[in-house]
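S.K.: In the numbering used here, the protein residues as written are 1155 to 2169.
The beta carbon of each residue, even a glycine, is placed where N, CA and C say it ideally should be.
Note that the structure is predicted; figures quoted are calculated from it, not measured.
Structure, rendered in C-alpha cells:
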C-alpha cells in the first residue's frame, strides 16, 4: 500500500459532525427564530455561527454595502438588495449573518474575515423581518398584543412600530391590499432600519391557495398586491437615507428558477422587472454563495481542522494515478483543473462535489448547500466511524446507503422512495435482510480488498438521482475516475463494473444507455430469472426443441426421420422416390470435431434393418445421417430455454407488468430468438454422414463425412434440409429433379447394365443400393439419363413391342420389371438393334437374371476426344480420379511424371484448391481460371486469369464472396503442376499428394498427365 499520510489524522471533523449529533434544526436556518432569540446555538450565538460560516465574496459584499447604507456612508451603492441563488444556496444564512453583523459582532473572534469592523453600525438598528415560511395568510400570524397579521406589510408594520404601527396598516392587512409608500415611510422614522424579506415565494404559494379558496383569481389578488407592496416598500426605503431592504429569490444561473417554488419565484422576478424604477434597475443583485465557493463552505462547516500541507502528497499521488491510467479515464478530462479543484476542496474529491452540484441538486427536494451539508455530514460521521484503509479522500462512493441516516436522507429527504427496491436488491440491503448484489460481490471476489462492488453500485446510484433524464447515469470512463485513488486498483474497478453490470437486476440494460438504475427491474434480468425457472422443466425444453428440430429439417427433397432410435425405425424401401434424412437425437449421438468417426448407431442403421442385426439393409444408398457436434449441444438447449422464457413473459398476465419500451423490446427479442434458435440448431447439427466409396478415414463401412458449412447454415435459418442438400450436391452425391444426369457411359460402367441388359426397375434400385452411385431425388433424373443414353446411341430401350433407339421419335420411359435397357453393343449382338438386324423372336425367352449388387468396381476412365495413347487421363471425385491415374501409370511401369494437370469445375472446390496446391513443394504451379457470374440484379461478370498460382490469391479473395452471392455462377480452374525433379511413382509420394489435395476438394475433376513426359 502506498505510504501516504492518513486522511483521518490530517482532517478533524467538527465535534457535532464527528459525533453524528447534527439535527435537522442545524441545517434549517430560521430567520424568525434568530430574531426572537430561540434559535439553536449554531444560529443564535454569533461566535458559533461565524465559526461555521465561510466568508464568501457575496456575503462580504452584502455585509459591507448594507452597513454603508445603515451608517449613511457616502460610499454606499444601493438601498435595495436582492439575493439570488437556488433553494438551499445560503440566502437565509446570509440574512442571519446580516442580522448578527448590524448588531455589532462583538463576540465574534475574527470579525475582520467578514467585514471591516470600522464599518459596523454603532447605533441601534431596527430590524424588521418577514419570513414567508412562518407566514399564515389564511389564519393570520400571531404578533403579540392579541394581534394577527395576514400579510408581509402587517408583520413588518408591527415589527417596526409595535401595536401603533400595525394599527396604521390594519385595514390594508385585513383586506390584503398593499399600503402606499408614504404610509410605509412613516413607519421607518429617522433611525437606521433594516428590512429583511425571506421566502416570499413560500408566502405567495400560500396566498394563492387562499385566493383560490375564496374564488378569486390568484395572480390578480395575492400576486398583484405583493408586487404593489414591494413597489411601495422600495420607494419608501429609497427615500429614507438610512433604511435598507434585503429580499431573497430562488433564482439560479441565467435567471432560471428551478426549486420547489419556481413558479412563484419567477412571478415575483418578472413582476419586478416590469417596473422601470423598481427592483431590477435599482436593486443590487448578489449571490451569497457562488458556484466556486460551495466547496469552501462545506469544508468550513464540516471540518474543524484540515492540514493542507500534509494533504499535498495525497493530492500528488492522485495526480500520478490519473497520469498512469490516462487512457482509461475520460478523454476530455482536464487534470490541471481537477487538481486545482482538489486542492481547494480537499478532502472532498472533485467528482463528489461535481455530482452533488450538477446532478443531485437538480432534484426539487435537494437544497444546494444545505442539502450537501446534510448528506456529507452523515457521510463524514460514517467514514470516521469505519476508517477504511483505502480512503485517501472522501469520494462519492463513501456516501453509503447501507447506513440508515444516509438511506433516509436519500429515500425520505430527497423523496426517492421509488429506489428503495433498487437499493435493497443491488446496492445495500437493510441489516438482517439478504445481501444486495454489490455486497455479495464484495464477499465473493474482494475479500481483504476495498469493497469494489459496493463502490461501483453506490456511485451509479448517486449518478442516477437527478431530475433531468439526460443527467442520469455515468459512463464507464468517468466511473473509473470517480472511484480511482492511490489505494484502489483500476483492474479491480473494471472487474467490479463487469460483474455488477452483468448481474444487476435494476440497471438500465439498453445498449446506448449509461450506467444508471431504473425503478423497475431491467428486462435482461427478468428474462434471466424466467430462463432459470424454465430450465427446471427439462421435459418442456426437450419437447419444444424436438418439435423445432423436426420442423427445421423437414423438406421436399429428403424424407426426414428425426430421432430414430434403431435400424427398425428406418424403412428399407424406395422412400417413394426420395432418400431418407435421419436426424440423430442429440441425447443419443454426438460427434467431436477433433475426432470424427462413424458413430455406432449410424453404423448399425446403415448395415441392418432390424434390431437383431440379422437382416442386412438393401437400400443403403438411400440414407443420410445428420449428427450434432458435441461442443454445440448445450447451445441449442440454452437457446430453446431462452425462447421459452421470452414466450412466457409475452403472456398477457406477465406482459402487463412491463413498461411500453420493455414490451416493445421483448417482442423484438422474441422475434430474433426464432432465427437465433434456428441458426444454433443448424450450426450444431453439422456432421453429415452419407454413403460413398470414398469412405471416412478409418471407417469400416462405405460412409463419408462432411461438415455443414456454418456461414451457409446461418444464411437460410429455418430451412435446415436445404443446407444438407447443398452439401450433398457439393460432394457430387445428390441429384435433384432439375439436375443433369450422369453420363450414360458412367451409368453403364457403374451398374449391372455393363452386362448388357437390365430392367429399368432393377437399374433404378441400383441407385438406392450402391454407395458408389449418386442419390436421386425422384425418378426424373433417372429417366432423363436413360433418354440421353438412347439419344446418344449408348442405350436401346424396350418395353413390350416398343423398341426405342437412336434416331427414333421420343418414347415414354417406364420404370418397370418389364421395361429393359440394353447397351448398344449388347443390342447389336442380340440382333435387337438396329431393327434391320433383328433376329426372329424365339417362342420363349429365358427369364432375366437378377444379379445381386456386386462389390464396387472402379469405373474405367472416360476418354475425352480419343486422346493419344501418350496421355493418361482420369475423371471422377478427386481422390478417386488420382487413385485411378496412379494405377494407370504404374500399370504402364512409368517411374515418374513431370507434369500433372487438374481441371475443376466446382466453384467452391476450384478456389479451395488454390491454397493446397500453393503449398506443394518442389513444383512450379500455374493456374488458368475462367469464372463468370450473374448477380441477383441480372448484371453479368466474366474474368480470366492465367499465371502463377502465387499471384492468384487476390483473384480468389475477390471472387469467393461474389460467386457466393451470385444468382448463377460458373468456374473452370485448370491447375498445371510441373515437378522440378519429377514426381516418383515408386514410393507413396503420389498418395500423399492425393491426401493433401482431397482435403480441399471432394468434387469431380479431370486429371491428365502426358506419357511422353514420363521418366
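1) Among all the DSSP beta bridges, which residues are the ones paired with residue 1317?
2) What does DSSP give as the partner residue(s) for residue 1556 in the beta ladder?
3) State buried or exposed for residue 1948, treating a residue as buried only when at least 16 other CB atoms are found within 10 Å of its CB.
4) As a quick exercise: from 1359, 2086, 1379 and 1293, pick the residue whose alpha carbon is nearest that of residue 1330.
5) With three or more C-beta pairs closer than 8 Å as the rule, is the segment 1568 to 1581 touching the segment 1665 to 1681?
6) By the DSSP assignment, the beta strand (DSSP E) with residue 1958 in it spans what residues?
7) Report buried or exposed for residue 2153, applying the criterion of at least 16 other Cβ atoms within 10 angstroms of its Cβ.
8) What are the boundary residues of the alpha helix (DSSP H) that residue 2118 is part of?
9) Please state if the CB of residue 1621 and the CB of residue 1568 are separated by a distance shorter than 8 Å.
10) If you compare alpha carbons, which of 1504, 1313 and 1926 is closest to residue 1299?
11) Say whether the segment 2037 to 2055 touches the segment 2132 to 2139, bearing in mind that this needs 3 or more beta-carbon pairs closer than 8 Å, one atom from each stretch.
12) Evaluate the contact criterion for the segment 1268 to 1281 versus the segment 1303 to 1310: three or more CB pairs, one atom per stretch, below 8 Å.
13) Taking all protein chains shown into account, decide if residue 1413 is buried (16 or more other Cβ within 10 angstroms of its Cβ) or exposed.
14) Taking the straight line between their C-alpha atoms, what separation do you get for residue 1653 and residue 1165?
15) Tell me whether residue 1728 sits in a helix, a strand or coil according to DSSP, three-state version.
16) I need the straight-line Cα distance from residue 1488 to residue 1502, nearest angstrom please.
17) Give a yes or no on contact between the segment 1738 to 1750 and the segment 1762 to 1777, applying the rule of three or more CB pairs nearer than 8 Å.
18) Between residue 1740 and residue 1782, how many whole angstroms is the CB-CB distance? I'm expecting something under 8 Å.
19) What residues in its chain sit with their C-beta under 7 Å from that of residue 1339, if we drop five residues either side in the sequence?
20) Note the first and the last residue of the continuous beta strand (DSSP E) segment covering residue 1859.
21) Just checking, does the segment 1287 to 1295 make contact with the segment 1258 to 1273 on the three C-beta pairs under 8 Å criterion?
22) Based on the DSSP output, what are the partners of residue 2087 in its beta bridges?
23) Nearest to residue 1896 by CA position, among 2158, 1402, 1676 and 1548, is which residue?
24) So, using beta-carbon positions, are residue 1197 and residue 1250 closer together than 8 Å?
25) Would the segment 1461 to 1472 and the segment 1482 to 1498 be scored as touching if the rule is three or more Cβ pairs under 8 Å?
26) Mind checking who residue 1736 pairs with in its DSSP beta bridge?
27) Which parts of the segment 1508 to 1568 are runs of the alpha helix (DSSP H), unbroken and 4 residues or longer, counting only runs that do not cross its ends?
28) Is the segment 2058 to 2073 touching the segment 2118 to 2130 in the sense that three or more CB pairs, one from each, lie closer than 8 Å?
29) Could you name each continuous beta strand (DSSP E) segment of 3 residues or more that falls completely within the segment 1251 to 1319, going from the start of the chain to the end?
30) For the alpha helix (DSSP H) holding residue 2036, just list the boundary residues, first then last.
31) Between the alpha carbons of residue 1647 and residue 1634, how many angstroms are there, rounded?
32) Return the CA-CA distance between residue 1406 and residue 1526, expressed in angstroms with no decimal places.
33) When you compare each of 1688, 1760 and 1697 to residue 1722 by their alpha carbons, which one comes out closest?
34) Where residue 1840 and residue 1875 are concerned, what is the direct C-alpha to C-alpha distance, given to the nearest angstrom?
35) Taking DSSP as the reference, what is the three-state secondary structure of residue 2158?
36) Beta carbon of residue 1564, beta carbon of residue 1619: below 8 Å?
M.R.: The structure says:
1) In DSSP, residue 1317 forms no bridge with anything.
2) In the DSSP output, where bridge partners are listed per residue, residue 1556 has none listed.
3) buried
4) 1379
5) yes
6) 1956 to 1958
7) exposed
8) 2107 to 2119
9) no
10) 1313
11) yes
12) no
13) Since pLDDT at residue 1413 reaches only 48, below the 50 mark, its modelled position is unreliable, and the value read off the structure follows with that caveat. It counts as buried.
14) 34 Å
15) coil
16) 18 Å
17) no
18) 5 Å
19) 1390, 1393 and 1394
20) 1857 to 1861
21) no
22) 2095 and 2123
23) 2158
24) yes
25) yes
26) 1715 and 1779
27) 1522 to 1540 and 1558 to 1562
28) yes
29) 1280 to 1285, 1295 to 1298 and 1301 to 1303
30) 2032 to 2045
31) 7 Å
32) Only weak support exists for where residue 1406 lies, its pLDDT of 44 falling under 50; the coordinates are left without a value.
33) 1760
34) 11 Å
35) strand
36) yes
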